[in-house]
């Protein structure tokens with residue numbers, strides 16, 4: 001596939017034109033401190049970190065080079081099966097062709113479109129976190145099937161196929177989801193009785209509140225990143241993740257780097 005794996009950020013910068021910053025929001029400032037001096041005019045810096053604004057990245061990089069080309073995007077995990085949902089916004093110095101290049105790249109793994117940056121936090125709450133909502137709903141559907149006597153594997157498959165089929169019907173028809181829902185409900189039938197139970201439990205409100213909670217937390221993460229606040233637990237997890245990566249890349253018999261040397265730049269003891 002032509003993929004090269006490395007544990008060294010600077011090496012990645014030297015051999016790449018498009019740089020994806022796919023780390024937790026609170027790690028972004030330290031990554032930029034590490035690679036900033038190596039970013040050149042040819043580079044497009046794409047942040048996938050929740051809540052991290054274009055202006056905060058531009059401010060960091062401007063300390064090393066004027067007019068850095070920055071793009072902010074939010075995608076989701078279904079990109080691994082080429083069914084992802086990605087939105088992006090271009091920064092002050094990014095050119096139209098830079099956005100088109102990113103859109104071309106991300107369209108190869110799903111849906112991709114440009115939006116205004118102030119919408120991206122809401123996108124994070126909807127489609128960024130959305131797969132987790134779907135998996136939780138699917139697990140509950142399968143549990144319901146098991147309760148009523150279905151084998152677990154069959155219950156999961158049927159639930160997944162129902163969600164997949166419903167999504168495809170919606171995307172192919174472009175009808176309002178309420179209309180498609182009504183088409184399933186016959187008067188006095190089983191489905192409308194089931195929907196009554198969902199409504200009684202606040203199903204819609206729970207989903208709306210979940211999107212809002214994710215969006216709100218995204219903005220809190222931005223505030224933490226702006227202040228370069230990193231909790232000890234976050235640092236510990238980052239260090240452990242890098243130790244695991246070093247271990248997987250190092251030839252057999254090679255010694256590992258000491259953990260303290262793997263901490264984000266500016267947080268080493």
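Numbering (UniProt numbering), first residue to last: 1 to 269.
We put the beta carbon where it would ideally sit given N, CA and C, even for glycine.
- Taking the Cα positions, residue 173 is about 36 Å away from residue 18.
- Secondary structure note for residue 169: its alpha helix (DSSP H) is the uninterrupted segment 152-173.
- Between residue 98 and residue 51, the gap from beta carbon to beta carbon reaches 8 Å or more.
- Residue 33 and residue 91 have their C-alpha atoms spaced approximately 19 Å apart.
- Taking all protein chains shown into account, residue 178 has fewer than 16 neighbouring C-beta atoms within 10 Å of its C-beta and is therefore exposed.
- Rounded to whole angstroms, residue 103 and residue 112 show a C-alpha spacing of 6 Å.
- Taking 8 Å as the cut-off, the beta carbon of residue 105 is found no closer than this to the beta carbon of residue 44.
- With fewer than 16 neighbouring CB atoms inside 10 Å of its own CB, residue 59 falls in the exposed class.
- If you ignore the 5 residues before and after residue 37, its C-beta comes within less than 6 Å of the C-beta of 64, all in its own chain and listed in chain order.
- Under a 10 Å Cβ-count criterion, residue 183 is classified as exposed, with fewer than 16 other Cβ atoms of the shown protein chains found around its own Cβ.
- Its Cα nearest to that of residue 76, the residue 110 stands out among 110, 169, 144, 16.
- Per DSSP, residue 81 is not a residue of any beta strand (DSSP E), being assigned neither H nor E.
- If you ignore the 5 residues before and after residue 35, its C-beta comes within less than 7 Å of the C-beta of 9, 10, 13, all in its own chain and listed in chain order.
- A straight-line Cα-Cα distance of about 13 Å links residue 66 and residue 55.
- Unbroken alpha helix (DSSP H) runs of no fewer than 4 residues, entirely contained in the stretch 66-145, are found at 96-107, 120-123, following chain order.
- According to DSSP, residue 30 shares a beta bridge with no other residue.
- In its chain, beyond the 5 residues on either side, 50, 51, 121, 124 have a beta carbon closer than 6 Å to the beta carbon of residue 218.
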